[in-house]
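Residue numbers for the sequence shown follow my numbering, so the first one is 178 and each next one is one higher. For reference, the structure discussed in these notes is given below.
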Amino acid sequence: MNQMTRLPKLLNELILVDFIPCPTLTKLPLNLTKLGIIEGSAYLGSTDLSDLPLKKFTYKGNFKINGLRTPKELHLPYSLESLRLIGLNIVDLNGLFELNHLEVLEIIDCPKLVTFFVSKFPQNLKKLVYKFDLIIPNLTYLQNKLLEYFEPSMLVVEGNSIFFKISDDNFRLPEKLRVFKLENIPYVKISNLTNLPELNELTIKKIPGFVSQSKLKISFPSSLYKLTLNNLMIDSINGLHFPEKLTYLDLSHNQLSSIDGANLYELKHLQELNLSRNRFEKFNGDGVIPDCITNLNLQSNLIDTFDFNQDMELRTLKIMIIRDIRKPSDIKFPHKLFHLQMSIQVDKLSDNFQLPNTLQSLSIHNPYYGKVPITNQFFQSLPSKMNLTDLTLLNLHFSKDCHIVMPKSIEKLTLSGNFTQTIINNMNVTECSNLTMFCISGGSVKHFNLGTLPKSITNLELKNMNLKYISGDFNLFHNLRYLNLEQNQITSLILPRSITTLILNKNDLNDLSNLLFLENCHYNLSKIYLEMNPNLDSKVILKIAKLLMKISNNFCGIYLSSNLLFNSNSYLENYDVYSKFIFNTDFIN
Numbered sequence: 178m179n180q181m182t183r184l185p186k187l188l189n190e191l192i193l194v195d196f197i198p199c200p201t202l203t204k205l206p207l208n209l210t211k212l213g214i215i216e217g218s219a220y221l222g223s224t225d226l227s228d229l230p231l232k233k234f235t236y237k238g239n240f241k242i243n244g245l246r247t248p249k250e251l252h253l254p255y256s257l258e259s260l261r262l263i264g265l266n267i268v269d270l271n272g273l274f275e276l277n278h279l280e281v282l283e284i285i286d287c288p289k290l291v292t293f294f295v296s297k298f299p300q301n302l303k304k305l306v307y308k309f310d311l312i313i314p315n316l317t318y319l320q321n322k323l324l325e326y327f328e329p330s331m332l333v334v335e336g337n338s339i340f341f342k343i344s345d346d347n348f349r350l351p352e353k354l355r356v357f358k359l360e361n362i363p364y365v366k367i368s369n370l371t372n373l374p375e376l377n378e379l380t381i382k383k384i385p386g387f388v389s390q391s392k393l394k395i396s397f398p399s400s401l402y403k404l405t406l407n408n409l410m411i412d413s414i415n416g417l418h419f420p421e422k423l424t425y426l427d428l429s430h431n432q433l434s435s436i437d438g439a440n441l442y443e444l445k446h447l448q449e450l451n452l453s454r455n456r457f458e459k460f461n462g463d464g465v466i467p468d469c470i471t472n473l474n475l476q477s478n479l480i481d482t483f484d485f486n487q488d489m490e491l492r493t494l495k496i497m498i499i500r501d502i503r504k505p506s507d508i509k510f511p512h513k514l515f516h517l518q519m520s521i522q523v524d525k526l527s528d529n530f531q532l533p534n535t536l537q538s539l540s541i542h543n544p545y546y547g548k549v550p551i552t553n554q555f556f557q558s559l560p561s562k563m564n565l566t567d568l569t570l571l572n573l574h575f576s577k578d579c580h581i582v583m584p585k586s587i588e589k590l591t592l593s594g595n596f597t598q599t600i601i602n603n604m605n606v607t608e609c610s611n612l613t614m615f616c617i618s619g620g621s622v623k624h625f626n627l628g629t630l631p632k633s634i635t636n637l638e639l640k641n642m643n644l645k646y647i648s649g650d651f652n653l654f655h656n657l658r659y660l661n662l663e664q665n666q667i668t669s670l671i672l673p674r675s676i677t678t679l680i681l682n683k684n685d686l687n688d689l690s691n692l693l694f695l696e697n698c699h700y701n702l703s704k705i706y707l708e709m710n711p712n713l714d715s716k717v718i719l720k721i722a723k724l725l726m727k728i729s730n731n732f733c734g735i736y737l738s739s740n741l742l743f744n745s746n747s748y749l750e751n752y753d754v755y756s757k758f759i760f761n762t763d764f765i766n
């Protein structure tokens with residue numbers, strides 16, 4: 178801080194990290210418009226910033242030592258337009274109401290502030306955020322302060338818990354406010370909010386809910402286009418009237434089993450609807466959700482029956498299917514769907530999924546990390562006219578005769594399962610000329626033939642397969658940049674010149690003295706990962722690092738595991754190598 182007086186006089190933006198208060202703080206450049214302070218071992222305390230022409234001020238405190246009681250002690254300038262107060266022990270918001278130019282106010286992780294909802298806010302405020310993010314507030318402290326500060330009529334008691342009751346009678350937002358976000362506030366419940374200003378965006382997330390769950394007493398302004406009511410223990414939206422201009426609606430992390438009784442179908446501008454992590458078992462969207470929706474999330478629901486209008490505009494669907502929904506007839510998805518993500522727990526990956534020809538990406542996995550049984554029929558059922566470019570199938574359990582066939586349009590392929598040598602031998606994707614990412618893992622396979630891959634590959638992953646040999650010529654793959662061979666038994670490789678990242682973690686390597694595998698790729702090689710190879714000879718590692726330092730301008734380092742011990746004398750003798758290019762090592766004398 179002794180250098181404070183030497184700062185350029187015309188400086189207009191400054192961030193002080195690990196700040197320690199000093200008298201020279203008042204000698205900051207007079208043209209400063211943006212100031213950030215991050216506390217160190219001492220807090221700022223009362224100071225006078227009123228002479229600075231600040232437009233934006235961020236004060237991130239250390240709540241364990243911070244002694245600031247109120248923003249008034251900072252003497253903030255009237256020119257301020259944006260203010261962020263983070264990790265402070267303030268107990269009120271005094272001193273802010275007079276800031277007539279303030280448009281953005283964010284109060285984050287202030288564990289002693291219980292007077293927020295009875296505060297007076299600047300009248301020109303357009304965005305207001307109040308939330309806990311990185312700290313967990315002390316509920317006992319907050320509840321004691323509620324009893325100390327407020328009349329019983331402003332509180333609600335449920336068992337041993339005490340909550341502040343948010344209502345129109347005690348909570349007023351500025352009329353010009355357009356964005357209001359209330360997140361992770363554990364000491365409040367909503368009683369009624371019927372006089373909200375003309376907001377464009379409203380977020381109420383992760384609070385203990387409503388005083389009366391039987392009816393949500395909220396009147397949404399007609400100007401609202403983005404609404405989040407997340408993790409509020411809502412079990413019904415019956416009777417709720419959502420504004421017609423709404424384009425985004427998030428009702429996730431609640432207790433909904435039905436969305437009947439609301440005006441969702443009338444929302445002709447709604448694009449995205451998030452209903453994940455609720456209690457749906459059946460979902461019939463036809464005539465309930467508007468056909469204009471393009472993005473629908475139904476993940477983490479126990480759904481066994483679903484139906485949609487086939488002609489709706491839906492482009493992205495995320496859905497969890499927890500039981501076997503095989504039926505005599507095909508299971509249909511909307512005809513215009515581009516992206517489908519399914520979490521399924523079924524007896525067999527059904528071949529009666531009628532996937533639309535428009536589908537571009539498909540992702541399927543078990544939500545509980547179980548197996549997904551799969552047979553030839555699934556791959557044969559993929560429409561020949563489908564322009565599928567991205568396919569992810571995780572934790573597959575292949576039938577013995579399973580023959581993997583891919584659409585020629587595929588560009589990114591990720592498969593994990595119980596691969597066998599027979600399945601690998603029968604898998605040929607050379608005709609997929611646009612394939613750039615090929616990632617497979619799992620099973621027990623001794624040999625992989627590069628001749629089954631197209632030369633367009635840029636990212637190749639063959640992981641956790643017990644591979645011993647890779648045949649074919651890597652030099653034919655001129656675009657290959659990333660190669661991950663983690664958890665195999667690879668001991669010898671000759672790589673293409675183009676490779677930049679090589680991962681050989683968990684290969685039980687003990688000797689890399691044969692450096693021929695680096696001869697081709699040394700010019701571009703940037704990173705080598707050799708983690709979890711405890712038998713590696715430290716002398717070999719050092720030799721490789723020295724070689725790459727000399728011959729590669731792009732070399733960044735070799736990444737090891739901390740349980741690989743190196744001699745400390747060697748470290749001192751080769752400090753320039755270890756300090757810059759060999760990472761995550763321990764040393765012994």
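Cβ coordinates follow ideal geometry from the N, Cα and C atoms, glycine included.
Classify Tyr364 as buried or exposed, calling it buried when 16 or more other Cβ atoms lie within 10 Å of its own Cβ. By 1-based counting over the sequence shown, the position of residue 364 is 187. The residue is buried, with at least 16 neighbouring Cβ atoms inside 10 Å.
Would you kindly report the start and end of the unbroken alpha helix (DSSP H) that includes Asn321? Residue 321 sits at position 144 when you count from the first residue of the sequence shown. Looking at the DSSP string, the run of the alpha helix (DSSP H) that includes Asn321 is 316-326.
Determine the direct distance from the alpha carbon of Leu305 to that of Glu335, and round the result to whole angstroms. Mapped onto the sequence shown, residue 335 falls at position 158. Mapped onto the sequence shown, residue 305 falls at position 128. Rounded to whole angstroms, Glu335 to Leu305 spans 29 Å at the Cα level.
Classify Val754: buried if its beta carbon has 16 or more other beta carbons within 10 angstroms, exposed otherwise. What you label residue 754 is simply residue 577 of the sequence shown in a count that begins at 1. Buried is the call here.
Coarse secondary structure for Glu190, derived from DSSP in three states: Looking up residue 190 in the sequence shown gives position 13. Note: Glu190 maps to strand in three-state DSSP.
Check this for me: beta carbons of Ser453 and Leu475, under 8 Å apart or not? Taking the first residue of the sequence shown as position 1, residue 453 is located at position 276. Taking the first residue of the sequence shown as position 1, residue 475 is located at position 298. Result yes, Cβ atoms of Ser453 and Leu475 sit closer than 8 Å.
Sort Val606, Leu573, Asn595 by Cα distance to Ser621 and report the nearest one. Working through the sequence shown from its first residue, we reach residue 621 at position 444. Cα-wise, what sits closest to Ser621 is Asn595.
Would you mind giving the Cβ-Cβ distance between Ser790 and Leu612, rounded to the nearest angstrom? I have them listed as a contact below 8 Å. Lying before the first or after the last residue shown, residue 790 is absent from the chain, which here runs from 178 to 766.
At which residues does the alpha helix (DSSP H) containing Ile395 begin and terminate? On the sequence shown, residue 395 is found 218 positions in, with the first residue counted as 1. Element bounds for Ile395: n/a, residue is neither H nor E.
Quick check on Gly547: buried or exposed, where buried means 16 or more other Cβ atoms within 10 Å of its Cβ? What you label residue 547 is simply residue 370 of the sequence shown in a count that begins at 1. Exposed.
From this set, Asn478, Asp484, Tyr442, which residue's C-alpha is nearest Asn461's C-alpha? Along the sequence shown, one-based indexing puts residue 461 at 284. Nearest option by C-alpha distance: Asp484.
Is Gly438 buried or exposed, if buried means 16 or more other CB atoms sit within 10 Å of its CB? Your numbering for residue 438 matches position 261 in the sequence shown. Result: exposed.
Name the two residues that bound the continuous beta strand (DSSP E) containing Ser558. Walking along the sequence shown from the start, residue 558 turns up at place 381. Premise fails: Ser558 lies in the alpha helix (DSSP H), 553-558, not in any beta strand (DSSP E).
I need the straight-line Cα distance from Pro584 to His574, nearest angstrom please. Position 407 of the sequence shown, counted from the start, is the residue given in the question as residue 584. Position 397 of the sequence shown, counted from the start, is the residue given in the question as residue 574. Approximately 21 Å between the Cα atoms of the pair.
Could you please give the first and the last residue of the uninterrupted beta strand (DSSP E) stretch that includes Thr493? In the sequence shown, residue 493 corresponds to position 316, counting from 1. Its beta strand (DSSP E) spans residues 493-498.
Taking Leu270 and Leu257 to be in contact with their CB atoms under 8 Å, please state how far apart those CB atoms are, rounded to whole angstroms. Against the sequence shown, residue 270 aligns to sequence position 93. Against the sequence shown, residue 257 aligns to sequence position 80. In fact, because the Cβ distance is near 14 Å, the residues do not count as touching under 8 Å.
In the DSSP assignment, the alpha helix (DSSP H) including Thr599 goes from what residue to what residue? Reading the sequence shown from its first residue, position 422 is the one you call residue 599. 598-602 is the extent of the alpha helix (DSSP H) around Thr599.
Going by DSSP in three states, Tyr752 sits in which element: helix, strand or coil? Position 575 of the sequence shown, counted from the first residue, corresponds to residue 752. The answer is helix: DSSP assigns Tyr752 an H, G or I state.
Looking only at DSSP bridge pairs, what is Ser618 linked to? The count along the sequence shown starts at 1 and reaches residue 618 at position 441. In DSSP, Ser618 forms a bridge with Ser593, Lys640.
Return the CA-CA distance between Pro288 and Phe651, expressed in angstroms with no decimal places. Taking the sequence shown and counting its residues from 1, the one referred to as residue 288 is at position 111. Taking the sequence shown and counting its residues from 1, the one referred to as residue 651 is at position 474. About 58 Å.
In the DSSP output, which residue or residues are listed as bridge partners for Thr132? Given a span of 178 to 766 for the chain in the structure shown, any question on residue 132 remains unanswerable.
Distance between Lys720 and Ile765 (C-alpha atoms, nearest Å): Mapped onto the sequence shown, residue 765 falls at position 588. Mapped onto the sequence shown, residue 720 falls at position 543. Here Ile765 scores only 48 on pLDDT, less than 50, and its place in the model should not be relied on; the value that follows carries that caveat. Answer to the nearest angstrom: the Cα atoms are 19 Å apart.
When Ile581, Val388, Lys358, Gln300 are compared against Leu379, the one with the closest alpha-carbon: What you label residue 379 is simply residue 202 of the sequence shown in a count that begins at 1. Considering only alpha carbons, the answer is Lys358.
In terms of residue numbering, what span does the beta strand (DSSP E) encompassing Met519 cover? Within the sequence shown, numbered from 1, the residue matching residue 519 stands at position 342. Element bounds for Met519: 516-521.
Buried or exposed (CB count within 10 angstroms, at least 16 for buried), Ile541: Within the sequence shown, residue 541 is the residue found at index 364, counting from 1. Buried, by the Cβ-count rule.
Closer than 7 Å by C-beta to Asp771: which residues in its own chain qualify, once you throw out the five before and the five after it? Chain order, please. Outside the shown range of the chain, which is 178 to 766, sits residue 771, and nothing can be said about it.
Using a Cβ-Cβ cut-off of 7 Å (strictly less than) and excluding sequence neighbours within five positions of Phe309, which residues of its own chain qualify? Here the question's residue 309 lines up with position 132 in the sequence shown. Hits under 7 Å: Asp286, Asn361, Ile362.
Can you tell me whether Asp427 is buried or exposed? The criterion is at least 16 other CB atoms within 10 Å of its CB, across all chains shown. Translated into positions along the sequence shown, residue 427 becomes position 250. Answer is buried; the Cβ neighbour count reaches 16.
Contacting residues, own chain, Cβ-Cβ under 6 Å from Tyr706 (five flanking each side not counted): If you number the sequence shown from 1, residue 706 lands on position 529. Result list for Tyr706: Ile680, Asn682, Tyr736, in chain order.
Quick one: Cα of Leu188 to Cα of Phe274, how far? The sequence position of residue 188 within the sequence shown is 11, counting from 1. The sequence position of residue 274 within the sequence shown is 97, counting from 1. Approximately 29 Å between the Cα atoms of the pair.
Report all residues from its chain with a CB closer than 6 Å to the CB of Asn641; omit the five preceding and five following residues, and keep chain order. Mapped onto the sequence shown, residue 641 falls at position 464. These residues qualify, in order along the chain: Ser618, Gly619, Gln664.
Cut-off 6 Å between Cβ atoms - residues of its own chain near Asn208, not counting five sequence neighbours on either side: Position 31 of the sequence shown, counted from the first residue, corresponds to residue 208. Excluding positions up to five away in sequence, the list reads Leu187, Asn189.
For His119, which of Ile671, Tyr646, Ser648, Thr635 has the nearest alpha-carbon? The structure shown has nothing for residue 119, since the chain only spans 178 to 766.
Can you find the residues in the same chain that come closer than 8 Å, C-beta to C-beta, to Pro505, ignoring five residues on each side of it along the sequence? Numbered from 1 along the sequence shown, position 328 holds the residue referred to as residue 505. With a pLDDT of only 47 at Pro505, under 50, the local geometry of the prediction cannot be trusted, and the value read off the model is given with reservation. Taken in chain order, the list of residues that qualify is empty.
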